[in-house]
Amino acid sequence: MKYVEFGNTKCTVSKVGFGGMRFDLKKSEQDNIDLVKYAFEKGINYFDTAPHYCEGLSEIIMGKALKDFPRDNFYVTSKIMPTEIVDAEDAYNRVRESLSRLQVDYIDFFHVWCLRKIEHYHLAMQPNGLYEALLRAKNEGLIRHIVCSSHQPSDEIIKVVENDDFEAILLGTNILNFPYRHEGILEAKKHNMGVVVMNPLAGGAIPQNEDKFSFLCKGAPHLTPTEAALRFTICNKNIDVSLNGFSEKEHIDMACKIADNELMVGLNEIKQLTTDLGTRFSAICTACGYCDMCPKEIAIPAFMQYYNEKIMFDLKDEEMVNELTQGFGVMSNSKGQAKDCISCGLCEKKCTQHLPIMKRLKEINTWFDNFNKKHDLS
Ligand code: SF4
Ligand code: SF4
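Residue 301 is where the sequence shown starts when you use this note's numbering, and the numbers rise one by one after that.
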């Protein structure tokens, strides 16, 4: 495993981090605990979690796994959204609840979580708000470093980091959409912040479409597109920790092997990728699931995953109609259908990628109509 100094925090972190938002809950709790332990034994020392991940079980699994290891040998995180607290006292109590679930005396990196727009940052910083609570927790030794996670574009990230309130930042970036947050990452580095990224495989879009993503391997032709995507975030000098949402030991092995063996991504490679990608990959759904609260029970992430195909491969409407039989698989489990959308806008307020979900559902509905007409199903 490779390790780096984490901004100004005086911590030394592993290039590969364990993202605790994708535990496989069909497996036993013990299997998931063993997975975390396996990662630690492979040299991973950065474990990211949050209260709502995995139906509230992620912190508990992490706590049960990490309690067997010396406390100085790993870093663990947690998070609170500025929009979910009543006041500073409420936030402070939530920090204590995370400590209890994680079974630790202190949390290394505590996030002001999910900044989607600049107003969320201002909300966190206002008197009697989240930041005040985290300062109190820090003064009492309950947390070590105050950090943030952001789903904003670069210009807004820059506005957040230039105030030097945070010691590190967590961002969604990967080999497909990195131009969207590249400038923000560079600015964070300029401010000597630690930089952590999540979602290295674009919500599974890369492993699921390897045949179409061979162009991602130009800089390392011996790798598969999935491996090339992992290398892009793990072996990147602007990124300190690449979080991977592990659910299998083999995934941990693959990420560790890349950290150990692969060369750093070069400037020319980044330029080439930027040209090859254009800008369209910034608009893909990352399957984060934050929008999965539709009152009409539309499984939005599933529909948006299908829409990804149009963006990633520049498909025409007619081609999307022809491919619908393949899309049925992911969308058929949804109780609500695209036509059921009442345009309430709740999902778009939550979307971490700022996607026009309602407009896309309308398009998908048109594809369904055309499919039915074509096959005489209407
Ligand atoms: S806008 Fe449509 S898809 Fe989004 S939450 Fe409302 S009903 Fe559901
Ligand atoms: S539509 Fe947005 S919030 Fe929903 S899963 Fe996709 S990226 Fe996440």
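Quick reminder that beta carbons are idealized off the backbone N, C-alpha and C, glycines included. Nothing here was measured: the structure is a model prediction, and the numbers come from that model.
Check, Outcome
"How is the alpha helix (DSSP H) around Ile292 delimited, first residue to last?", "Here the chain covers residues 301 to 678 and nothing more, so residue 292 does not appear."
"Taking the beta carbon of Ile642 as the centre, do at least 16 other beta carbons fall within 10 Å, making it buried, or is it exposed?", "exposed"
"Can you name the residues that DSSP bridges to Met498?", "Gly472"
"Under three-state DSSP, which class holds Asn439?", "helix"
"Could you tell me the alpha carbon to alpha carbon distance between Ile380 and Leu442, rounded to whole angstroms?", "14 Å"
"The beta strand (DSSP E) with Ser542 in it runs from where to where?", "541-544"
"Assign Phe609 to buried or exposed, taking buried as 16 or more other Cβ atoms, counted over all protein chains shown, within 10 Å of its Cβ.", "Per the sequence shown, the amino acid found at residue 609 is Glu instead of Phe. The residue in question, Glu609, is buried, as its Cβ has 16 or more Cβ neighbours within 10 Å."
"Where does Leu655 sit, in a helix, a strand or coil, going by DSSP?", "coil"
"Need the endpoints of the beta strand (DSSP E) that Val316 sits in, please.", "316-319"
"Which residue comes first and which comes last in the beta strand (DSSP E) that contains Lys379?", "375-380"
"Near ligand 2, which residues have their beta-carbon closer than 7 Å to a heavy atom?", "Cys585, Thr586, Ala587, Cys588, Gly589, Tyr590, Cys591, Asp592, Ile600, Pro601, Met604, Cys647, Lys650, Cys651, Thr652, Gln653, Leu655, Ile657"
"So what's Gly363 in DSSP terms, helix, strand or just coil?", "helix"
"Using only the alpha-carbon positions, how far apart do Lys673 and Arg481 sit?", "42 Å"
"Report the option in Ile598, Asp511, Phe318 whose CA atom is closest to the CA atom of Val376.", "Phe318"
"Go through its chain and collect everything with a Cβ distance to Val541's Cβ below 6 Å, but skip five positions before and after it.", "Val313, Gly317, Tyr346, Val496"
"What whole-angstrom Cβ distance do Asp348 and Gly320 have, given they're in contact under 8 Å?", "6 Å"
"How far does the alpha helix (DSSP H) with Trp415 in it extend, from its first residue to its last?", "Checking the sequence shown, residue 415 turns out to be Leu, not Trp. Counting along the chain, Leu415 falls outside any alpha helix (DSSP H), though it belongs to the beta strand (DSSP E) covering 407-415."
"Starting from the C-beta of Ile457, find all residues in its chain whose C-beta is less than 6 Å away, skip the five residues before and the five after it, and write them out in chain order.", "Ser450, Gly484"
"Looking at the structure shown, is Thr312 part of a helix, part of a strand, or coil, going by DSSP?", "strand"
"Kindly indicate which residue of Gly578, Asp368, Ala388, Ala468 has the alpha-carbon position closest to the one of Phe410.", "Ala468"
"Does the beta-carbon of Lys635, which I'm using as the reference point, lie nearer than 6 Å to any heavy atom of ligand 1?", "no"
"Mapping the DSSP letters down to three states, classify Asp676 as helix, strand or coil.", "coil"
"For Ser632 versus Ile598, is the C-beta spacing smaller than 7 Å?", "no"
"Could you check the C-alpha separation between Met283 and Arg660 for me, to the nearest Å?", "The structure shown does not extend to residue 283, since the chain is modelled only from 301 to 678, so the question has no answer here."
"Take the Cβ of Met301 as the centre, count every other Cβ of all protein chains shown within 10 Å, and call the residue buried at 16 or more, exposed below.", "exposed"
"Name the two residues that bound the continuous alpha helix (DSSP H) containing Tyr353.", "353-356"
"Could you spell out where the beta strand (DSSP E) holding Glu305 opens and where it closes?", "303-305"
"One question on the structure: do Asn477 and Phe581 come within less than 7 Å of each other, judged by their Cβ atoms?", "yes"
"Looking only at C-alpha atoms, which of Leu573, Gly589, Lys639, Phe613 sits nearest to Ala529?", "Leu573"
"Check whether the Cβ of Ser398 lies closer than 6 Å to any heavy atom of ligand 1, and answer yes or no.", "no"
"For Ser514, verify whether its CB is less than 6 Å away from any heavy atom of ligand 1.", "no"
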